[in-house]
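The structure under discussion appears below in the form of structure tokens.
In UniProt numbering, the protein residues as written are 1 to 291.
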């Protein structure tokens, strides 16, 4: 079994969302910023922040010249703020060592600070039209259903997942890059986890899952991520206090953000360890570089 590349590429050309990082005038930098922001964050939340960042920091060197505190303030409510610091670090290397241009080669991208296998391949593919397997949750689900006839993909396996997608890609770089984008879009819009729109699917006729009678997923249950009451929520509340003030604050201000002292102090300590918060010599707390 396989996926009809021509059919899916044609569908993508007609139905893909009009996202700014897909425009013809996109840059490698714009794609890199989008990929970092889109990790575990919906498009609707990312798009307005992406526009703000690209207007403020249109090149890696402009972001690299900003302080970490400025970067964290601009990151706002996107979540997982360590991503902002990793992007800031990568921007510095791109500006200093790559002529202020995001590299197009996967191995060179992987050498940048904070850039992992998915992001490197996504930038090479979506910014520069390279042939590289790009595997996210949406792509894994499409392949599991359309190719393997399973209701869902189950636990990830980098080796298996990459090999599955690699086998689907046409040999031509341009078509391979288009198919990579199309697979991801199909999973995001049509072949969704809970309510797949099979009647609208361009590869319905060849889908192994349909031919097998759409069997239910019978593999290991997926862990459900909760947010309320977690350390992640508390860390976000503490950062909100610092983003909402000018300059360092006393610990008493941070203490008001969360009532449970033990969890609050543990989260504050983890923010200090991660470099997202700094403590001044006189015991105040601030965003990095803002004291």
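For every residue, glycine included, the Cβ atom is placed at its ideal position computed from N, Cα and C.
Review point. Counting pairs of beta carbons, one from the stretch 61–72 and one from the stretch 145–161, are three or more of them closer than 8 Å?
Key: no
Exercise for review: Identify which residue in 210, 125, 159, 212 has its Cα closest to the Cα of residue 175.
Suggested key: 125
Practice item. Flag this pair as yes or no: are the beta carbons of residue 88 and residue 71 separated by less than 8 Å? Key: yes
Review point. Is DSSP giving residue 46 helix, strand or coil here?
Key: helix
**Study point:** Other residues of its chain near residue 243: CB distance less than 6 Å, five sequence neighbours each side excluded
**Key:** 73
Check your understanding: Pick from 2, 11, 284, 24: whose alpha carbon is nearest that of residue 128?
Key -> 24
Exercise for review: Determine the direct distance from the alpha carbon of residue 60 to that of residue 100, and round the result to whole angstroms.
Suggested key: 6 Å
**Study point:** Helix, strand or coil at residue 249 [DSSP, three-state]
**Key:** strand
Check your understanding: In three-state DSSP terms, what is residue 285?
Key -> strand
Check your understanding: Helix, strand or coil: which one does DSSP assign to residue 233?
Key -> helix
Exercise for review: Compare the beta carbon distance of residue 292 and residue 132 with 8 Å and say whether it is the shorter of the two.
Suggested key: Past the boundaries of the shown model lies residue 292; the chain is included only from 1 to 291, so the question cannot be answered.
**Study point:** Beta-carbon proximity list for residue 134, same chain, < 6 Å, skipping 5 on both sides
**Key:** 121, 122, 125, 180
Check your understanding: So what does residue 279 bridge to, in DSSP terms?
Key -> 285
Review point. Applying the criterion that 16 or more other CB atoms from any shown protein chain within 10 Å of the CB defines a buried residue, is residue 273 buried or exposed?
Key: exposed
Point to revise | Sequence-distant residues of its chain with Cβ nearer than 7 Å to residue 140 (five each side left out) | key: 153, 156, 161
Exercise for review: Give the DSSP-derived three-state secondary structure of residue 217 in the structure shown.
Suggested key: coil
Exercise for review: Helix, strand or coil for residue 224, going by three-state DSSP, please let me know.
Suggested key: coil
Exercise for review: Within its chain, find whatever has a CB closer than 8 Å to the CB of residue 47; leave out the 5 residues flanking it on each side and keep chain order.
Suggested key: 19, 20
Review point. Where does residue 30 fall in DSSP's three states?
Key: helix
Review point. In terms of residue numbering, what span does the alpha helix (DSSP H) encompassing residue 178 cover?
Key: 173–189
Practice item. Under the assumption that residue 198 contacts residue 210 (Cβ atoms under 8 Å), give the Cβ distance between them as a whole number of angstroms. Key: 7 Å
Review point. Since residue 271 and residue 288 are thought to touch, with beta carbons under 8 Å apart, how far apart are those beta carbons, to the nearest angstrom?
Key: Incorrect: roughly 10 Å between the Cβ atoms, too far for contact.
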